[in-house]
Amino acid sequence: MKIEWAPLRVPLERRMQILVTALFTSMLLILLSVSFLLVAGSLIYGGLLLRSLMLIYLAYVYVHHKKTQSVVDGNGWMITRTNRLHRHYRDYFPVELVKTAELPANKNYILASFPHGILGTGIGINMGVEISKWLELFPHVRPKVGTLDQHFHVPFMREVLRCWGLVSVSKEALIRMLSKSNDPKHKDNGDGFTSNAVAILVGGAQEAMDSHPGEYILTLKNRKGFVRLAIQTGSSIVPSFSFGEVDIFDQVANPPDSLLRRIQNVVKKLTGVSPLIPVGRGFFNYTFGFLPFRRRIVQVVGSPIDIVQSDQPDPEYVDKVHGQVIEALEKLFDQCKDKYLQNPKSAKLVFQ
0 MKIEWAPLRV PLERRMQILV TALFTSMLLI LLSVSFLLVA GSLIYGGLLL
50 RSLMLIYLAY VYVHHKKTQS VVDGNGWMIT RTNRLHRHYR DYFPVELVKT
100 AELPANKNYI LASFPHGILG TGIGINMGVE ISKWLELFPH VRPKVGTLDQ
150 HFHVPFMREV LRCWGLVSVS KEALIRMLSK SNDPKHKDNG DGFTSNAVAI
200 LVGGAQEAMD SHPGEYILTL KNRKGFVRLA IQTGSSIVPS FSFGEVDIFD
250 QVANPPDSLL RRIQNVVKKL TGVSPLIPVG RGFFNYTFGF LPFRRRIVQV
300 VGSPIDIVQS DQPDPEYVDK VHGQVIEALE KLFDQCKDKY LQNPKSAKLV
350 FQ
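Note that numbering that gives the first Met the number 0 has the sequence shown beginning at 0, numbered continuously upward.
Now the structure itself:
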C-alpha cells in the first residue's frame, strides 16, 4: 500500500483543526476511560472523605437520571456550546447548515436525521457543540441531539454530554423534552427560547454498520417509534439530511453475510452499540489512521411535517406520516444532491 504523506508545512489554523478533531474523535473513549479511573481510583485508593463523596455522587447520578432522565431544560452554558475550539472542529471538514423552511418557535420538533454515518458528525456539531449557525437560522428554537440512554448512566461523562446539549433517546426523556410549553411566559422559557428541536439519528447503530463512502443506505422502513412519539407529543417532524456524512470515514468491509457483520450484530443486540472498525487518515498521512477525512458535510434541514396530536396513535395514521417522511427525504435528496455531492449521478438513496 502506497502511503500519501501530508505536507510538512501546514498553516497553524489547519494544525489546530487537526488537533481539535483528533480530540473530539477520541472523546467517547476518553470520557469512558477517565470516568472509570476517577470512580475506581476514588473508591479503591481514596480516603474516607473521598470515598463518601464519590458514593454520594453515584447515588445522585442514579436518582437524578431516574427523576429527570438527565435532561437539561434550557440550552445550558453557552460557552460549552459555541466557542473557538468547537469552531476549529466545525471548520476541519467543514460542516455547514442549510435552511429550506422556517421552523416557527411556537411548537416543538423532532428532526428525523439521516444518515447516521460513523459518528453522526454533522448533527453533533450543528446541534450540539457549535450551535451558533443554528441559532442564527432558527432563532428561539433550542437544538438538542439524542444519544444512547446508557451514556447518561456513566458518572462524569454524563455531565460533559449534558453540557453539549445531548439528551437521552429514551421515550421518557424525549417526551419530557417535546412536551415542554411553547408559551413565552412559561418559567422554562425565561431564556427567550420557546421551542425544542431534538435531532434523532433514526437509523442508529444498524445504519452506522452500512456507512461507506458514497453509499446512502438508510435504516427506516421499520423505524416508526419516532413517528408515534411525534403524534403523542404533537411535535412536527422535520426531515434532515447530512450530505457527505458517509464520506468522512470508510470502515473495514462488513457485508451483511460476513463474519464481522455477524459479530457486530451480536454486540449491537447486547449493548446497543455496533463495534465499527473505521478507516480514516492519520496526522501526517492521508492513507490510514483514526482521523476523519476532510470532507464537506452539509446538513440540509427540510420542511416540517405537521402532526395531529393523539395520546393513542392510530396505526394507519402512523403509517401515513411515516410514508410522508420517506417521501420528504427522497425529495430532499433529489433536490440537493447535485449541489452538495461530488458524484451525484451515481448517488442513490436506499431504504431498508
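Virtual Cβ for every residue (Gly too), placed ideally from N, Cα, C.
Any non-hydrogen atom of the ligand COA closer than 7 Å to residue i Cβ
i, result
"residue 223", "The ligand COA is not part of this structure, which contains no ligands at all."
Local Cβ density within 10 Å of residue i, reported as buried at 16 or more and exposed below that
i, result
"residue 339", "buried"
"residue 68", "buried"
"residue 274", "exposed"
"residue 100", "exposed"
"residue 284", "exposed"
"residue 58", "exposed"
"residue 420", "With the chain represented from 0 up to 351, any question about residue 420 goes unanswered, as that position is not in the structure."
"residue 112", "buried"
"residue 62", "exposed"
"residue 24", "buried"
"residue 185", "exposed"
"residue 46", "exposed"
"residue 307", "exposed"
"residue 14", "exposed"
"residue 41", "buried"
Limits of the beta strand (DSSP E) - the one that residue i falls within
i, result
"residue 145", "140 to 146"
"residue 215", "215 to 217"
"residue 349", "348 to 350"
"residue 165", "165 to 167"
"residue 155", "From DSSP, residue 155 is part of no beta strand (DSSP E); its letter is neither H nor E."
"residue 196", "194 to 200"
"residue 298", "296 to 300"
"residue 98", "94 to 98"
"residue 237", "235 to 242"
8 Å contact criterion, which residue i and residue j should meet: CB distance rounded
i, j, result
"residue 126", "residue 106", "Actually they are not in contact, since the Cβ atoms of residue 126 and residue 106 sit about 17 Å apart, beyond 8 Å."
"residue 244", "residue 120", "7 Å"
"residue 234", "residue 108", "6 Å"
"residue 196", "residue 161", "Not a contact, Cβ separation roughly 17 Å."
"residue 191", "residue 139", "6 Å"
"residue 122", "residue 198", "5 Å"
"residue 272", "residue 250", "Residue 272 to residue 250, Cβ: 14 Å. No contact."
"residue 296", "residue 92", "5 Å"
"residue 240", "residue 331", "5 Å"
Nearest residue (CA-CA) to residue i, options the options
i, options, result
"residue 82", "64, 163, 62, 35", "163"
"residue 236", "287, 207, 270, 326", "326"
"residue 175", "344, 238, 66, 103", "66"
"residue 305", "269, 287, 266, 231", "231"
"residue 213", "48, 238, 114", "114"
"residue 200", "225, 184, 24", "225"
"residue 223", "240, 312, 178", "312"
"residue 208", "257, 43, 157", "257"
"residue 342", "15, 55, 242", "242"
"residue 380", "172, 303, 116", "An answer regarding residue 380 cannot be provided, because it is not within the stretch 0 to 351 covered by the chain."
"residue 70", "27, 172, 91", "172"
"residue 178", "229, 137, 158, 39", "229"
"residue 4", "296, 323, 288, 299", "288"
"residue 19", "255, 291, 310, 332", "291"
"residue 298", "133, 78, 262, 104", "133"
"residue 1", "348, 318, 286", "286"
"residue 27", "169, 316, 294, 157", "157"
"residue 102", "77, 136, 72", "136"
"residue 265", "205, 217, 293, 320", "205"
"residue 9", "85, 97, 282", "282"
Range of the contiguous alpha helix (DSSP H) that encloses residue i
i, result
"residue 66", "47 to 67"
"residue 326", "314 to 339"
"residue 131", "131 to 136"
"residue 108", "Taken as a continuous stretch (DSSP letters only), residue 108 belongs to no alpha helix (DSSP H), being part of the beta strand (DSSP E) at 108 to 113."
"residue 268", "258 to 270"
"residue 33", "26 to 44"
"residue 225", "224 to 232"
"residue 122", "120 to 123"
"residue 174", "170 to 177"
Contacting residues, own chain, Cβ-Cβ under 6 Å from residue i (five flanking each side not counted)
i, result
"residue 346", "336, 340"
"residue 188", "none"
"residue 64", "151"
"residue 148", "167, 169"
"residue 260", "253"
7 Å CB neighbourhood of residue i in its chain, flanking five on each side removed
i, result
"residue 80", "74, 128, 130, 163, 164"
"residue 220", "350, 351"
"residue 155", "33, 34, 37"
"residue 183", "193"
"residue 90", "16"
"residue 124", "88, 89, 94"
Contacts around residue i, its chain only, beta-carbon distance under 8 Å, and the 5 residues preceding and following it disregarded
i, result
"residue 324", "111, 219, 226, 236, 238, 304"
Short CB-CB distance (under 8 Å) between residue i and chain D
i, result
"residue 146", "Absence of chain D from the displayed structure is noted, only one protein chain being present."
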